[in-house]
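Peer 1: Before I ask anything, here is the structure I am working with.
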Amino acid sequence: METAWQAVVSLGQGFLVVFSAYALLVGLAGLQSRRQRFSPWFTSRFAVLIPAHNEAAVLDPLLANLQALRYPKDLYDIYVIADNCTDGTEAIAAARGVRVLRRRDPVRRGKGYALGDALSWLGLVDRGTGLPPSEPPPYDAVVILDADNLVSLDLLRVMDARLHAGQRLIQAYVDSKNPGDTWVSAAFSIGFWVNNRFNLLARSNLGLSAALMGTGMCIAADVLRELGWETESLTEDLEFSVQALCLGYRTAFAPETRVYDEKAQSFTASLRQRLRWARGQTQVALRYGPRLLRAAVLRRDVACLDGAARLLQMVAVGMGTVWALARPVVDGLSRLAGPLPGAGAAPELATLLAWLLTSTAAMMAPALLVWRLDRLPASAYRFVALFPLFTYTSALVILWGLLTHRRREWLPTRHTRRLSYQQVLQQTR
Numbered sequence: 060m061e062t063a064w065q066a067v068v069s070l071g072q073g074f075l076v077v078f079s080a081y082a083l084l085v086g087l088a089g090l091q092s093r094r095q096r097f098s099p100w101f102t103s104r105f106a107v108l109i110p111a112h113n114e115a116a117v118l119d120p121l122l123a124n125l126q127a128l129r130y131p132k133d134l135y136d137i138y139v140i141a142d143n144c145t146d147g148t149e150a151i152a153a154a155r156g157v158r159v160l161r162r163r164d165p166v167r168r169g170k171g172y173a174l175g176d177a178l179s180w181l182g183l184v185d186r187g188t189g190l191p192p193s194e195p196p197p198y199d200a201v202v203i204l205d206a207d208n209l210v211s212l213d214l215l216r217v218m219d220a221r222l223h224a225g226q227r228l229i230q231a232y233v234d235s236k237n238p239g240d241t242w243v244s245a246a247f248s249i250g251f252w253v254n255n256r257f258n259l260l261a262r263s264n265l266g267l268s269a270a271l272m273g274t275g276m277c278i279a280a281d282v283l284r285e286l287g288w289e290t291e292s293l294t295e296d297l298e299f300s301v302q303a304l305c306l307g308y309r310t311a312f313a314p315e316t317r318v319y320d321e322k323a324q325s326f327t328a329s330l331r332q333r334l335r336w337a338r339g340q341t342q343v344a345l346r347y348g349p350r351l352l353r354a355a356v357l358r359r360d361v362a363c364l365d366g367a368a369r370l371l372q373m374v375a376v377g378m379g380t381v382w383a384l385a386r387p388v389v390d391g392l393s394r395l396a397g398p399l400p401g402a403g404a405a406p407e408l409a410t411l412l413a414w415l416l417t418s419t420a421a422m423m424a425p426a427l428l429v430w431r432l433d434r435l436p437a438s439a440y441r442f443v444a445l446f447p448l449f450t451y452t453s454a455l456v457i458l459w460g461l462l463t464h465r466r467r468e469w470l471p472t473r474h475t476r477r478l479s480y481q482q483v484l485q486q487t488r
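Each residue of the sequence shown is one higher than the one before, counting from 60 in the numbering used here.
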């Protein structure tokens, strides 16, 4: 029994070391701030889709923001997908003169279903009610935003330029609308900033595929026609980008334009949100990990291989972190309680402390580095010492998400931070 337990713990630690080393090697490419330059053509027609479930508190500033974009007004239409709304969301959208797609479906609830229906209604995908594939789509691309967002005024100019450069899936830089509200929103913001540079930008610099992040996404109409919109997981953004990668479409990262997203302010809200992501990512990993590996072999596509490794990395880090923490804890307890599984020769408490210090340093280093490289708001970094705690709890959330990944209940996130675009720019400087 003792040997078996030690083997399991060692295997978990081994996974953690291997995938952490891989993440480090990839992340080093994010140290380079090389940015490509694209010239806008101002010819692409966009459908801007905003899934909204009871978002009356935050929707109006986004609509005002979008109506002020530096892009020809006749080349983009704004659609609010009122998804089972019971508040004033529809009235606010109508007052702004944008188009409202009303949806009533108490069974098929959630952002993925709402987007699928909207794309079908607009004739961008054929799901039985859309236009036949032979008929040209009414738009060149869709841009998907969350109702609590605000965006850079050049958002569509950047997407237009990159579409003309041949990119078919594009992800904007996801910034934070409220980084300094609480220690939780600060930790969330820091996590996204680290992800932008050492995941998305790093992979872009290496010629690999970034990933769609749920908002600030641009998808070309021809890709939608080929793939359709058949997502089933709780993370429809990741699922669609993986589906596209399986067919050879890589996601490009556009750090030159930004989407400002409201981060959860309470720890409880953050747990719910992170658990939904963990379950969704596990669902995608189990379903598409083998497909990516097969595509990597058949097409000799390193981006697919990297995509598979990234899916497995979430699983491995979650399990490995828990096992790595469990071993010194069990060994330490054995000194007090006598023999326990795996406690043959209990190491000193220093083993646990050394591991915690090393792990904490590994979390703090990129957080502080990205602050210096990207000149991020100091308001969030008042709480930077709590960032490792937030990350440790994420490992436990990931483990629970792995164990409960079959649950597909969608729980909406409540948004309350009503800020204008000008206010966000002032507080993030």
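Each residue gets a CB set at the ideal place from its N, CA and C atoms; glycine is no exception.
1) For the candidate residues Lys236, Asp199, Ala224, whose alpha-carbon lies nearest to that of Lys322?
2) With a 10 Å radius around its C-beta and 16 neighbouring C-beta atoms as the bar for buried, classify Asp219 as buried or exposed.
3) For Leu190, which residues of its own chain have a beta-carbon under 7 angstroms away from its beta-carbon, when the five flanking residues on both sides are left out?
4) Among the residues of its own chain, which have a CB less than 7 angstroms from the CB of Val456, if the five just before and after it don't count?
5) For the candidate residues Gln226, Asp185, Asp176, whose alpha-carbon lies nearest to that of Ala200?
6) Would you say Phe326 and Val243 are within 8 angstroms of each other, going by their C-beta atoms?
7) Using beta-carbon positions only, say whether Ala111 and Ala141 come within less than 8 angstroms of one another.
8) Taking just the CA atoms, how far does Val233 sit from Leu428?
9) Checking the sheet assignment: what are the DSSP bridge partners for Met276?
10) For Gln482 and Asp320, what's the separation of their Cα atoms in angstroms?
11) Let me know if Trp100 comes out buried or exposed under the rule of 16 or more other beta-carbons within 10 Å of its beta-carbon.
12) Below 8 angstroms on the Cβ atoms is my contact criterion, and I expect Ala439 with Gly239 to pass it. Report the Cβ-Cβ distance as a whole number of Å.
13) In terms of residues, what are the limits of the alpha helix (DSSP H) holding Ile298?
14) Just reading off the beta strand (DSSP E) that Pro197 is part of, what are its end residues?
15) Could you compute how far the alpha carbon of Tyr130 sits from the alpha carbon of Asp205?
16) Who does Ser235 pair with in a DSSP beta bridge?
17) Evaluate Glu295 with the Cβ neighbour count: other Cβ atoms within 10 Å of its Cβ, from every protein chain shown; 16 or more gives buried, anything less gives exposed.
18) Taking the straight line between their C-alpha atoms, what separation do you get for Met272 and Lys132?
19) Can you list, in chain order, the residues of its chain with a C-beta nearer than 8 angstroms to that of Ala404? Leave out the 5 residues immediately preceding and following it.
20) What number of angstroms, rounded off, separates the C-alpha of Leu306 from the C-alpha of Arg262?
21) With distances taken from CA atoms, which of Gly250, Val159, Pro436 is nearest Thr452?
22) Give a yes or no on contact between the segment 339-347 and the segment 282-294, applying the rule of three or more CB pairs nearer than 8 angstroms.
23) Quick check on this structure: which residue in Arg466, Arg155, Val139, Leu214 has the alpha carbon closest to the alpha carbon of Asp176?
24) Starting from Val159, trace the beta strand (DSSP E) both ways and give me its first and last residue.
25) Could you give the DSSP three-state label for Thr310: helix, strand or coil?
26) Which one of Lys170, Asn258, Leu83 has the shortest CA to CA distance from Arg467?
27) Is Gln485 helix, strand or coil when you go by DSSP?
28) Between Arg256 and Gly275, what straight-line distance do the alpha-carbon atoms span, to the nearest angstrom?
29) Compare the beta carbon distance of Asp213 and Thr102 with 8 angstroms and say whether it is the shorter of the two.
30) Can you tell me whether Leu416 is buried or exposed? The criterion is at least 16 other CB atoms within 10 Å of its CB, across all chains shown.
31) Give the secondary structure of Phe105 by DSSP, where H, G and I count as helix, E and B as strand, and everything else as coil.
32) Going straight from the alpha carbon of Tyr198 to that of Arg104, what length do you get?
Peer 2: In brief:
1) Of the listed residues, the one whose Cα sits closest to Lys322 is Lys236.
2) Here Asp219 is buried: its Cβ has 16 or more other Cβ atoms, across all protein chains shown, within 10 Å.
3) Because Leu190 sits at a pLDDT of 45, beneath the cut-off of 50, its placement in the model cannot be relied upon, and the following sentence gives the value as read from the coordinates. For Leu190, where only same-chain residues beyond five positions count, the Cβ hits under 7 angstroms are Gly182.
4) Non-local beta-carbon contacts of Val456 in its own chain, meaning distances under 7 angstroms to residues more than five positions away in sequence, involve Leu330, Arg333, Leu334, Ala337 in chain order.
5) Closest by alpha carbon: Gln226.
6) Yes, they are a contact pair.
7) Their beta carbons are under 8 angstroms apart, which means Ala111 touches Ala141 by this criterion.
8) 18 angstroms
9) Ile203, Gln230
10) 14 angstroms
11) exposed
12) 5 angstroms
13) Residue identity check: residue 298 is Glu in the sequence provided, not Ile. Looking at the DSSP string, the run of the alpha helix (DSSP H) that includes Glu298 is 295-305.
14) Here Pro197 belongs to no beta strand (DSSP E), and DSSP marks it neither H nor E.
15) Take the alpha-carbon of Tyr130 and the one of Asp205: they are about 20 angstroms apart.
16) Asp320
17) buried
18) 26 angstroms
19) Residue placement at Ala404 cannot be trusted, given a pLDDT of 47 that sits under 50; what the coordinates show is reported in the next sentence. Taken in chain order, the list of residues that qualify is empty.
20) 18 angstroms
21) Gly250
22) yes
23) Val139
24) 158-162
25) strand
26) Lys170
27) helix
28) 16 angstroms
29) no
30) Exposed.
31) strand
32) Spanning the two alpha carbons is a distance of roughly 5 angstroms.
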